[in-house]
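K.L.:
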Amino acid sequence: MNILRIRELVRKEFLQLFRDRRNRVLLIVAPLIQVLVFGYVVNYDISLIRMAVLDESRTQESRMLQRAFTGGGLFEITHFAADARGLENLLLQGRVDLAVKIPNDLTARLRGGQSAQVLILADGTMSNMASVRIAYVSRVIDSFNRRMLDELYPVTMSPGRIDARIRTWYNPNTESRFFFVPGIAAFVIMLISLLLTSIAVIREKESGTLEQLLVTPVKPYELILGKTIPYILISLVQLTFIIIVAVYWFSIPVAGSMALLFGTACLFLLSTLGIGLFISTVSATQQQAMMATFFVMLPFFLLSGFVFPIANMPLAVQWLTCLNPLRHFLVIVRGVFLKGVGIEALWPQMASLTVLGILVFAAAIARFKKRLD
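Residue numbers (this note's numbering): 5 to 377.
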């Protein structure tokens, strides 16, 4: 192995990469935009629930029920409907998240010791958000029922009860950005390493410089190292940039070891660079390489647990996700960022990344050498 030849290949790759202005934008602006989008826009936190109310009772109890909803600041009654059709239209047009119909016999049934049926209509187009809103509605109605019970039957009773002391670890305020921003670090370095590696080799083929390199004393493995080392360095620099933004912009603490995070990132890059090299061997043009990269990225993204829990997937798909390096690295990134865990907890993911990386990279190199020959 000639270190000087590898160094010059790496230098040539950097010069060729940064000579194109589009690559500068891709390397600098794209990661920043993705971090900001996932930090601010992609948000499952519910801060306001818009309500429409049809009050057919118009009594003190119906007004108490409305105040029970709006008293906590989470619910806001934005519309009062005149009839059931108007209530449905508001929900249909997406102007409200919940519609509440209070029957005209509410007070009579409550005062008579009977159950009063209040119709709650929830917009279920986003099922996860609807589930959270319905849970909040249930809490408000339970609280209202206890107040009415105390008013109707003012008997002092002191039964034993469970006093739950709930603590949320690792993300005390249950903010979505604590979940998404560390994950975007893994996604960005995967995207960049895949895309740039596959395009870099194809660019050499299209320009005819690959054949020129082959007639030089450069060995095939030196050429492969010269092509992959720059993107390893670029990916690690981008990881550093995302960590800085996460810590100092979004105030997300890094509870674990940075050395462990960067070490496992190198294991992760073995797989992504190997896939990029493999794509370069099956593509004839840069456009084909880009299309193949995004074709690979979509299932990797969906089957990684980045957004959708793997436990909710069919069992066969859960086994399939074990072949996805992004899945294992996401567990490591979130574990290091939020939980501060070490090798003793993350060794299964590290072992999986090592095995996948060696297999994928070795297969890609073997195919790449065959194409060179």
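Cβ coordinates follow ideal geometry from the N, Cα and C atoms, glycine included.
Quick one: Cα of residue 366 to Cα of residue 274, how far?
P.N.:
Taking the sequence shown and counting its residues from 1, the one referred to as residue 366 is at position 362. Taking the sequence shown and counting its residues from 1, the one referred to as residue 274 is at position 270. One C-alpha to the other measures close to 9 Å.
K.L.:
Might you give, ordered along the chain, the residues of its own chain that have their beta carbon closer than 7 Å to the beta carbon of residue 310, omitting 5 neighbours on each side?
P.N.:
For the purposes of this step, residue 310 is identified with residue 306 of the sequence shown, where counting begins at 1. Once the five neighbours on either side are set aside, the close Cβ partners of residue 310 are 187, 191, 334.
K.L.:
Within the same chain, show all residues whose beta-carbon is closer than 8 Å to that of residue 296, passing over the 5 residues directly before and after it, in chain order.
P.N.:
Position 292 of the sequence shown, counted from the start, is the residue given in the question as residue 296. Result list for residue 296: 202, 283, 286, 287, in chain order.
K.L.:
To the nearest angstrom, how far is it from the Cα of residue 332 to the Cα of residue 249?
P.N.:
Position 328 of the sequence shown, counted from the start, is the residue given in the question as residue 332. Position 245 of the sequence shown, counted from the start, is the residue given in the question as residue 249. Spanning the two alpha carbons is a distance of roughly 23 Å.
K.L.:
From the beta carbon of residue 60, is the nearest beta carbon of chain B less than 7 Å away?
P.N.:
Here there is only one protein chain, and chain B is not present.
K.L.:
Across the region 168-187 and the region 87-96, are there enough close Cβ pairs to call them in contact, namely three or more that are closer than 8 Å?
P.N.:
no
K.L.:
Assign residue 76 to buried or exposed, taking buried as 16 or more other Cβ atoms, counted over all protein chains shown, within 10 Å of its Cβ.
P.N.:
The residue given as residue 76 occupies position 72 in the sequence shown. Label assigned to residue 76: exposed.
K.L.:
What are the complete alpha helix (DSSP H) segments, minimum 4 residues, inside the region 284-313?
P.N.:
290-306
K.L.:
Buried or exposed for residue 252, going by 16 or more other Cβ atoms inside 10 Å?
P.N.:
Residue 252 sits at position 248 when you count from the first residue of the sequence shown. The residue in question, residue 252, is exposed, as its Cβ has fewer than 16 Cβ neighbours within 10 Å.
K.L.:
Curious, which full-length beta strand (DSSP E) runs of at least 3 residues does the region 27-112 contain?
P.N.:
53-59, 79-84, 102-106
K.L.:
Report all residues from its chain with a CB closer than 6 Å to the CB of residue 383; omit the five preceding and five following residues, and keep chain order.
P.N.:
Within the shown structure, residues of the chain are numbered from 5 to 377, placing residue 383 beyond reach of any answer.
K.L.:
In chain order, what residues of the same chain lie with their CB nearer than 7 Å to the CB of residue 35, ignoring the 5 residues before and after it?
P.N.:
Your numbering for residue 35 matches position 31 in the sequence shown. Closer than 7 Å at the Cβ level, and outside the excluded window around residue 35, lie 192, 242, 245, 246.
K.L.:
Consult DSSP for residue 120 and reduce its assignment to one of helix, strand or coil.
P.N.:
Mapped onto the sequence shown, residue 120 falls at position 116. Here residue 120 sits in coil by DSSP.
K.L.:
State the CB to CB distance for the pair residue 50 and residue 136, rounded to an integer number of angstroms; the pair is presumed to be in contact (CB under 8 Å).
P.N.:
Here residue 50 corresponds to residue number 46 of the sequence shown, with the count starting at 1. Here residue 136 corresponds to residue number 132 of the sequence shown, with the count starting at 1. Correct: roughly 6 Å between the Cβ atoms.
K.L.:
For residue 329, report the span of its alpha helix (DSSP H) as first-last.
P.N.:
Working through the sequence shown from its first residue, we reach residue 329 at position 325. Residue 329 -> alpha helix (DSSP H) spans 329-338.
K.L.:
Determine the direct distance from the alpha carbon of residue 195 to that of residue 85, and round the result to whole angstroms.
P.N.:
Walking along the sequence shown from the start, residue 85 turns up at place 81. Walking along the sequence shown from the start, residue 195 turns up at place 191. Distance between the alpha carbons of residue 85 and residue 195: 49 Å.
K.L.:
Residue 279 and residue 357 - do their beta-carbons sit closer together than 7 Å?
P.N.:
As a first step, residue 357 is located in the sequence shown; it is residue number 353 there, counting from the start. As a first step, residue 279 is located in the sequence shown; it is residue number 275 there, counting from the start. No, they are not a contact pair.
K.L.:
Please report the residue range of the alpha helix (DSSP H) in which residue 17 lies.
P.N.:
Within the sequence shown, numbered from 1, the residue matching residue 17 stands at position 13. 7-23 is the span of the alpha helix (DSSP H), which, as asked, contains residue 17.
K.L.:
Please say whether residue 145 and residue 126 have beta carbons closer to each other than 7 Å?
P.N.:
Locating residue 126 in the sequence shown gives position 122, where the first residue counts as 1. Locating residue 145 in the sequence shown gives position 141, where the first residue counts as 1. No, Cβ-Cβ distance for residue 126 and residue 145 is not below 7 Å.
K.L.:
Between residue 43 and residue 299, which are expected to be in contact by the criterion C-beta below 8 Å, what is the C-beta distance as a whole number of angstroms?
P.N.:
Within the sequence shown, numbered from 1, the residue matching residue 43 stands at position 39. Within the sequence shown, numbered from 1, the residue matching residue 299 stands at position 295. Between residue 299 and residue 43 the Cβ distance is about 27 Å, and since that is not below 8 Å, they are no contact.
K.L.:
Along the alpha helix (DSSP H) that carries residue 324, what are the first and last residues, could you check?
P.N.:
Within the sequence shown, the letter at position 320 stands for residue 324. Taken as a continuous stretch (DSSP letters only), the alpha helix (DSSP H) holding residue 324 covers 319-324.
K.L.:
Could you pull out every residue in the same chain whose Cβ sits closer than 6 Å to the Cβ of residue 271, ignoring the five residues on either side in sequence?
P.N.:
The sequence position of residue 271 within the sequence shown is 267, counting from 1. 357, 358, 361, listed in sequence order.
K.L.:
For residue 259, name the three-state secondary structure that DSSP assigns.
P.N.:
The residue you call residue 259 lines up with position 255 of the sequence shown. Reduced to three states, the DSSP call for residue 259 is coil.
K.L.:
With burial defined as no fewer than 16 other Cβ atoms inside 10 Å of the residue's Cβ, what is the status of residue 263: buried or exposed?
P.N.:
The residue you call residue 263 lines up with position 259 of the sequence shown. Counting Cβ neighbours within 10 Å, residue 263 comes out exposed, since fewer than 16 surround it.
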